[in-house]
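First comes the structure, then the notes that go with it.
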Amino acid sequence: MSKNSEYLIERENKQYEVIIGLEVHAQVTSESKLFSQSSTKFGAEPNTQVSLVDAAFPGMLPVINEFCIEQAIKTGIGLKAKINKKSVFDRKNYFYADLPQGYQISQYKYPIVGEGKVILDMPNGQKEIGIERLHLEQDAGKSIHDIDPNNTLVDLNRSGVALMEIVSKPDLRSPDEVNVYIKKLRSIMRYLGTCDGNMEEGSLRADVNVSVRLKGETEFGTRCEIKNVNSIKYMQMAIISEANRQIDLLEEGKEIDQETRLFDTKRNETRSMRSKEDAHDYRYFPDPDLLPLEISQELIEKIKSDIPELPDEKKKRFIDKFNLSPYEATILVSDIETSNFFEEVIKNSDVKLTTNWITGELFAVLNEKNLEISQSPVSAKNLSKLINLIKDGTISGKIAKTVFEQMIDGDQDPLIIVKEKGLKQESDPKAIEELINKVIENNSDKVAEYKSGKDKLFGFFVGQAMKESKGKGNPQLINKILKEKLNG
Amino acid sequence: MSDITSQSLFELTSNIKEKKLSSGEITKAFIDRAEKSKKLNVYVTDNFEKAIDQSKKFDSNPNFDLKLPGIPIAVKDLFCTNGVRTTAGSKILNNFVPTYESTVTQNLWSQGAILLGKLNCDEFAMGSSNETSFFGNVQNPVGENLVPGGSSGGSSAAVAANLTPVTIGTDTGGSIRQPASFTGTVGLKPTYGSCSRYGIVAFASSLDQAGPMTKNVRDCSMLLEVISSFDQKDSTSIDYKRNSYSKELSKDIKGKKIGIPKEYRVDNMPDEIEQLWKNGISYAKDCGAEIIDISLPHTNYALPTYYIVAPAEASSNLARYDGVKYGFRSPGQNLIEMYEKTRSEGFGDEVKRRIMIGTYVLSSGYYDAYYLKAQKVRQLIKKDFDDAFSKVDAILTPSTPSSAFKIGEKTNDPVSMYLNDIFTVPINLAGLPGISIPAGKDKNNYPLGLQVIGKPFDEQNILNISYALEDKINFKNDISDWWLSE
Chain A
1150 MSKNSEYLIE
1160 RENKQYEVII
1170 GLEVHAQVTS
1180 ESKLFSQSST
1190 KFGAEPNTQV
1200 SLVDAAFPGM
1210 LPVINEFCIE
1220 QAIKTGIGLK
1230 AKINKKSVFD
1240 RKNYFYADLP
1250 QGYQISQYKY
1260 PIVGEGKVIL
1270 DMPNGQKEIG
1280 IERLHLEQDA
1290 GKSIHDIDPN
1300 NTLVDLNRSG
1310 VALMEIVSKP
1320 DLRSPDEVNV
1330 YIKKLRSIMR
1340 YLGTCDGNME
1350 EGSLRADVNV
1360 SVRLKGETEF
1370 GTRCEIKNVN
1380 SIKYMQMAII
1390 SEANRQIDLL
1400 EEGKEIDQET
1410 RLFDTKRNET
1420 RSMRSKEDAH
1430 DYRYFPDPDL
1440 LPLEISQELI
1450 EKIKSDIPEL
1460 PDEKKKRFID
1470 KFNLSPYEAT
1480 ILVSDIETSN
1490 FFEEVIKNSD
1500 VKLTTNWITG
1510 ELFAVLNEKN
1520 LEISQSPVSA
1530 KNLSKLINLI
1540 KDGTISGKIA
1550 KTVFEQMIDG
1560 DQDPLIIVKE
1570 KGLKQESDPK
1580 AIEELINKVI
1590 ENNSDKVAEY
1600 KSGKDKLFGF
1610 FVGQAMKESK
1620 GKGNPQLINK
1630 ILKEKLNG
Chain B
5 MSDITSQSLF
15 ELTSNIKEKK
25 LSSGEITKAF
35 IDRAEKSKKL
45 NVYVTDNFEK
55 AIDQSKKFDS
65 NPNFDLKLPG
75 IPIAVKDLFC
85 TNGVRTTAGS
95 KILNNFVPTY
105 ESTVTQNLWS
115 QGAILLGKLN
125 CDEFAMGSSN
135 ETSFFGNVQN
145 PVGENLVPGG
155 SSGGSSAAVA
165 ANLTPVTIGT
175 DTGGSIRQPA
185 SFTGTVGLKP
195 TYGSCSRYGI
205 VAFASSLDQA
215 GPMTKNVRDC
225 SMLLEVISSF
235 DQKDSTSIDY
245 KRNSYSKELS
255 KDIKGKKIGI
265 PKEYRVDNMP
275 DEIEQLWKNG
285 ISYAKDCGAE
295 IIDISLPHTN
305 YALPTYYIVA
315 PAEASSNLAR
325 YDGVKYGFRS
335 PGQNLIEMYE
345 KTRSEGFGDE
355 VKRRIMIGTY
365 VLSSGYYDAY
375 YLKAQKVRQL
385 IKKDFDDAFS
395 KVDAILTPST
405 PSSAFKIGEK
415 TNDPVSMYLN
425 DIFTVPINLA
435 GLPGISIPAG
445 KDKNNYPLGL
455 QVIGKPFDEQ
465 NILNISYALE
475 DKINFKNDIS
485 DWWLSE
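Residue numbers (the working numbering), protein chains in the order written: chain A, 1150 to 1637; chain B, 5 to 490.
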């Protein structure tokens, strides 16, 4: 990355660099929980998706959901990471009302996935972010403090749902990189179908580790961990606020305490949750109810063979095969639904026009209506038809926009709209010539001015001809015939 | 025909199949005797009314193809039983009624057995005398104010006192074999993974195994055949071909190589135990077995290893009893206070002691020195047995270093209490099958047991050796029914 794009925080002649590492908790896409058969569906009535295992009844035992294991392996492959053939589930012991077992089953010393990497497309080029590890663990339930004035209520629907904790190396250096990193992770997992990345439903949350150091320094500073931030915007706000807090301390000659902090979104500041001294002793030890997890090379190969084309590869293909710009390709591959939509349209339509229409008109509509592309009011099939109408000259680009506006309302077929509204482009040279003759007749004074050298007036004649055709005249043809008439 | 309650499981099933006895008659006989045996305090919860109904139901439509046709059975109160209170001997589960059934007990009911009730045990199976139970101590039918052993003390007493034809217990460090030895009965701890742990209140997950407790070896083989099964609900359950233990039961042990480990000659072992062992060896020889001296060099480390591993797992397993979801709760002003009060009042001293030991050995800074080291030693102990079993087919040892002691005698001396398990603990650490059979009596006429240890999954072999020895030993339990009331 070039120097001028570095994210640095300035203090009287000094420049501070911000070091960020993320622990992303991604909910595994799976019908049932990590160690029980209860449903994972979001939004059910409280405590309706709770098995005896999830509620930790006496004598209940965890049984690994193999699908979740496969999902973790798949994600590991997507992160170009090492899959560990032997991993171990440990118990992380602590008491809390929404943790029924009194321990969380997690992976401590031996995670299922080892080191990997994620490539970020930054405005100034690519940057590689190292992945330290990915491990599987159970989610806890939810404590609800604001319904009953005297009691905390507990909902165990989420208890036992499978999470992947993806730990990055401290390679991130700015809120922008964090934004791109989270989106890239999300994109990879959505391509793989291993996590839906839905932040509103809590499917993707992160603990953010932040430290600062003077520019040029090689040692890391003392870091603080900001727990459980659940949107990219809040992650960015928390990083900026925390980095500035740390820099202020350093500027005052004070030390930074290694601690766990919480981000207060209303006040836009982090506050201390517990110090290093108060850190829990989780007493990790291998869960004796579960045998070490052994994964065969065969299974890894089988999963590998099912891995779809991922964003980086797809981007390369789009550039090589369709001659898209890196910028266009990045946008189109960022979300699997978008790239699928794109590829669906270009099956029968022009690539360049399709790119422009998706990134232009379609994205504008989706943004305006706050819709995902999977909810697009215009289907790939009908967008393809519209683009073909432009390409074969049936309608102009301008008319196409009018047609598109109508298509939005219930995914209407553009062929029918063009036919019913009579929007078909006039491409008969005779008809065009006729209406141009009319324009010339009605504007003899302007014709004289034009002929005396006022070239700029050409646009005026085009406009008049277009108006005369009620917008349906083929613009190329109008241009051509006008030139012949006026210059001839 | 002898008195119904003194019959073995084999006799009772034969009599039912031959229609000499009905399930109703048998069930009633055991209930009648239980009503007169309250002094023994074997029952935490009885299921008598339902048992009578079920026995009538069986008799109205009997299925004699089942392995336990209409046989009433009481079980240790560590097995979760659907609709019947399950306490694990603890105040903290005093009011807990499961909505599910443990796999092992389900196996009993699927073969026609009928639940008589839930038997007293040490709290969360932590104890060697049944004195840690919230529901009070159990009397050993062998003699008044004598402990029945533990933790399956209610179970051993119930079998010895003819209050159930057979029973099932659980064994984490000797909790089946030691009480069997103290009461002159037979108790088998199967190979780890043989019986499902699903629905058994957990003590130490890597050591816990359910097993049969019976009057004789044949009954033991019949019951093991029913309760041992592969279960997908327990990830440590092992899928292997189980024998038809009772069908394949044989006294022919000619040529079997039986190892005698020198390390089991512990200091201060009473002479009568030494003599018992010698007798066992000579009986084995009489049966045509070959006696081979072996060494299990890490035996001395077994007890300390056990008292790190078992409490460590227990401290975590018992974290779920927090007053939030089920069981006993003592209210507090906030969550932490509620936890503290609930667990302080809900658990007894021995359980608290082990939770504290377990929490300590897992703490950061101590984990490597205790837990990790104990796991390494555990591997060495296991390897001792692997090496020994390359030379022998089974190992013969005493079951316990002493006979039953008086109630209250050791309650203030946990270490001396823990020493009771010195011969049984290594077998759990190694995951092996072991059986205790009554083999003689001490000077007080209290029973003493011998232990036969087998290779993994080789229950048939130790059953056969025990069957042959049982025949030679010809042990007779001398129980006077001193506790009976009218």
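Yeah, the Cβ is synthetic: ideal placement off N, Cα and C, and Gly gets one too.
Exposure of B:D238, with buried meaning 16 or more beta-carbon neighbours within 10 Å:
Residue mapping note: residue 238 of chain B aligns to position 234 of the second sequence, counting from 1. Answer is buried; the Cβ neighbour count reaches 16.
Euclidean distance between Cα positions of A:K1152 and A:P1319:
In the first sequence, the residue the question calls residue 1152 of chain A occupies position 3. In the first sequence, the residue the question calls residue 1319 of chain A occupies position 170. Caution applies to A:K1152, whose pLDDT of 47 falls short of 50 and renders its modelled position unreliable; the value that the coordinates give is listed next. Rounded to whole angstroms, A:K1152 to A:P1319 spans 19 Å at the Cα level.
Along the chain, where does the beta strand (DSSP E) containing A:R1362 start, and where does it finish?
Translated into the one-based positions of the first sequence, residue 1362 of chain A becomes position 213. In this chain, the beta strand (DSSP E) harbouring A:R1362 covers 1353–1363.
As a quick exercise: from B:K445, B:L488, B:E463, pick the residue whose alpha carbon is nearest that of B:N478.
As a first step, residue 478 of chain B is located in the second sequence; it is residue number 474 there, counting from the start. If we check each option's Cα against that of B:N478, B:K445 comes out closest.
Neighbour list for A:V1212 in chain B, Cβ cutoff strictly below 9 Å
As a first step, residue 1212 of chain A is located in the first sequence; it is residue number 63 there, counting from the start. Annotation: Cβ neighbours of A:V1212 in chain B (cutoff 9 Å, chain order): Q236, K237, D238, S239.
Per-residue contacts from B:D326 into chain A (C-beta, under 7 Å):
Reading the second sequence from its first residue, position 322 is the one you call residue 326 of chain B. What B:D326 touches in chain A, judged by beta-carbon distance under 7 Å, is F1244, G1251, going in chain order.
So, helix, strand or coil for B:D223, using DSSP?
Stepping through the second sequence from its first residue, residue 223 of chain B is reached at position 219. In the structure shown, B:D223 adopts helical secondary structure according to DSSP, grouped into three states.
So what does B:K122 bridge to, in DSSP terms?
Your numbering for residue 122 of chain B matches position 118 in the second sequence. According to DSSP, B:K122 bridges with B:T49, B:V79.
Can you tell which of B:T176, B:T309, B:P152 has its C-alpha closest to the C-alpha of B:I204?
As a first step, residue 204 of chain B is located in the second sequence; it is residue number 200 there, counting from the start. Out of B:T176, B:T309, B:P152, B:T176 has the C-alpha closest to the C-alpha of B:I204.
Among B:N321, B:D417, B:P145, whose alpha-carbon lies nearest the alpha-carbon of A:F1206?
Against the first sequence, residue 1206 of chain A aligns to sequence position 57. The candidate whose alpha carbon is nearest that of A:F1206 is B:N321.
What's the C-alpha gap between B:N45 and A:C1344?
The residue you call residue 45 of chain B lines up with position 41 of the second sequence. The residue you call residue 1344 of chain A lines up with position 195 of the first sequence. Cα to Cα, B:N45 sits roughly 56 Å from A:C1344.
Please give me, in chain order, every unbroken run of the alpha helix (DSSP H) with length at least 4 that falls completely inside the stretch 417–458 of chain B.
Complete alpha helix (DSSP H) runs here, min 4: 418–422, 429–434.
What are the uninterrupted segments assigned as alpha helix (DSSP H) that are 4 or more residues long and contained completely in the stretch 1287–1352 of chain A, given in chain order?
Counting whole runs of 4 or more residues, the stretch 1287–1352 of chain A contains the alpha helix (DSSP H) stretches 1324–1341.
In chain A, which residues lie less than 7 Å from B:G203 when you measure between Cβ atoms?
Residue 203 of chain B sits at position 199 when you count from the first residue of the second sequence. Within 7 Å Cβ-Cβ: G1208.
Check whether chain A comes within 8 Å of B:S114, counting only Cβ atoms and requiring the distance to be less than that.
The residue you call residue 114 of chain B lines up with position 110 of the second sequence. So, not an interface residue.
Within-8 Å CB hit, B:T31 to chain A
For this step, residue 31 of chain B is matched to residue 27 along the second sequence. Against chain A, the CB of B:T31 has no partner CB under 8 Å away; the residue lies outside that interface.
Take A:L1398 and list the residues in its own chain whose beta-carbon comes closer than 6 Å to its own, dropping the five residues that flank it on each side.
Reading the first sequence from its first residue, position 249 is the one you call residue 1398 of chain A. Closer than 6 Å at the Cβ level, and outside the excluded window around A:L1398, lie I1405.
When you compare the stretch 430–450 of chain B with the stretch 351–367 of chain B, are there three or more beta-carbon pairs, one atom per stretch, that lie closer than 8 Å?
In the pairwise beta carbon analysis, the stretch 430–450 of chain B is classified as not touching the stretch 351–367 of chain B: fewer than three pairs are separated by under 8 Å.
For chain B, is any of its Cβ atoms less than 8 Å away from the one on A:A1204?
By 1-based counting over the first sequence, the position of residue 1204 of chain A is 55. With a threshold of 8 Å between beta carbons, A:A1204 makes contact with chain B.
In three-state DSSP terms, what is A:K1616?
Taking the first sequence and counting its residues from 1, the one referred to as residue 1616 of chain A is at position 467. Reduced to three states, the DSSP call for A:K1616 is helix.
Once you ignore the five residues that flank B:E474 on each side, which residues in its own chain have a CB closer than 6 Å to its CB?
Residue 474 of chain B sits at position 470 when you count from the first residue of the second sequence. Cβ neighbours of B:E474 within its own chain (closer than 6 Å, five residues either side excluded): V221, I441.
Top-ranked residue by Cα proximity to A:K1333, from A:L1411, A:G1227, A:E1219:
For the purposes of this step, residue 1333 of chain A is taken as residue 184 along the first sequence, with counting starting at 1. Just measuring C-alpha positions, the residue of A:L1411, A:G1227, A:E1219 sitting nearest A:K1333 is A:G1227.
Simplified DSSP state of A:Y1165, which is helix, strand or coil:
Numbered from its first residue, the first sequence carries residue 1165 of chain A at position 16. Correct three-state label for A:Y1165: strand.
Below-8 Å beta-carbon distance, A:E1215 vs any chain B residue:
For the purposes of this step, residue 1215 of chain A is taken as the residue at position 66 of the first sequence. With 8 Å as the cut-off, A:E1215 does not count as an interface residue toward chain B.
Which residue comes first and which comes last in the alpha helix (DSSP H) that contains B:P66?
The sequence position of residue 66 of chain B within the second sequence is 62, counting from 1. Element bounds for B:P66: n/a, residue is neither H nor E.
Using a Cβ-Cβ cut-off of less than 7 Å, give me the residues of the stretch 208–224 of chain B that come near chain A, in sequence order.
The stretch 208–224 of chain B vs chain A, Cβ under 7 Å: S209, S210.
In terms of alpha-carbon separation, which member of A:D1413, A:V1596, A:V1267, A:Y1431 lies closest to A:F1244?
To locate residue 1244 of chain A, count along the first sequence from 1; it is residue 95. Comparing alpha-carbon positions, the option among A:D1413, A:V1596, A:V1267, A:Y1431 lying closest to A:F1244 turns out to be A:Y1431.
Compute the Euclidean distance between the alpha carbons of A:I1630 and A:T1543, then round it to the nearest angstrom.
Residue 1630 of chain A sits at position 481 when you count from the first residue of the first sequence. Residue 1543 of chain A sits at position 394 when you count from the first residue of the first sequence. One C-alpha to the other measures close to 19 Å.
Which same chain residues, not among the five before or five after B:L384, have their C-beta less than 6 Å away from its C-beta?
As a working note, residue 384 of chain B is residue 380 in the second sequence. Excluding the 5 residues flanking it on each side, B:L384 has same chain C-beta neighbours closer than 6 Å at H302, in chain order.
Bridge partners of A:A1175, per DSSP?
Here residue 1175 of chain A refers to the residue found at position 26 of the first sequence. A:M1313, A:L1353, per the DSSP bridge assignment.
Under 8 Å from the C-beta of B:L436: neighbouring residues of chain A
The residue given as residue 436 of chain B occupies position 432 in the second sequence. The premise fails here: B:L436 is roughly 17 Å from chain A at the closest Cβ pair, so nothing lies under 8 Å.
Please report how far the alpha carbon of A:I1452 lies from the alpha carbon of A:D1461, in whole angstroms.
The residue you call residue 1452 of chain A lines up with position 303 of the first sequence. The residue you call residue 1461 of chain A lines up with position 312 of the first sequence. Looking at the two C-alpha atoms, the distance is approximately 19 Å.
Can we say the stretch 1364–1379 of chain A touches the stretch 1405–1417 of chain A, given the rule of at least three CB pairs closer than 8 Å?
Contact holds: three or more Cβ-Cβ distances are below 8 Å.
Under 7 Å Cβ to Cβ from A:P1195, same chain only, skipping five residues before and after it: list those, please.
One-based indexing of the first sequence puts residue 1195 of chain A at position 46. Excluding the 5 residues flanking it on each side, A:P1195 has same chain C-beta neighbours closer than 7 Å at D1304, N1306, in chain order.
Compute the beta-carbon to beta-carbon distance between B:P66 and B:L120, rounded to the nearest angstrom, for a pair I have assumed lies under 8 Å.
Numbered from its first residue, the second sequence carries residue 66 of chain B at position 62. Numbered from its first residue, the second sequence carries residue 120 of chain B at position 116. The C-beta distance from B:P66 to B:L120 rounds to 18 Å, too long to meet the 8 Å contact threshold.
Length at least 3, wholly inside the stretch 269–353 of chain B: the beta strand (DSSP E) runs in chain order
Complete beta strand (DSSP E) runs here, min 3: 294–298.
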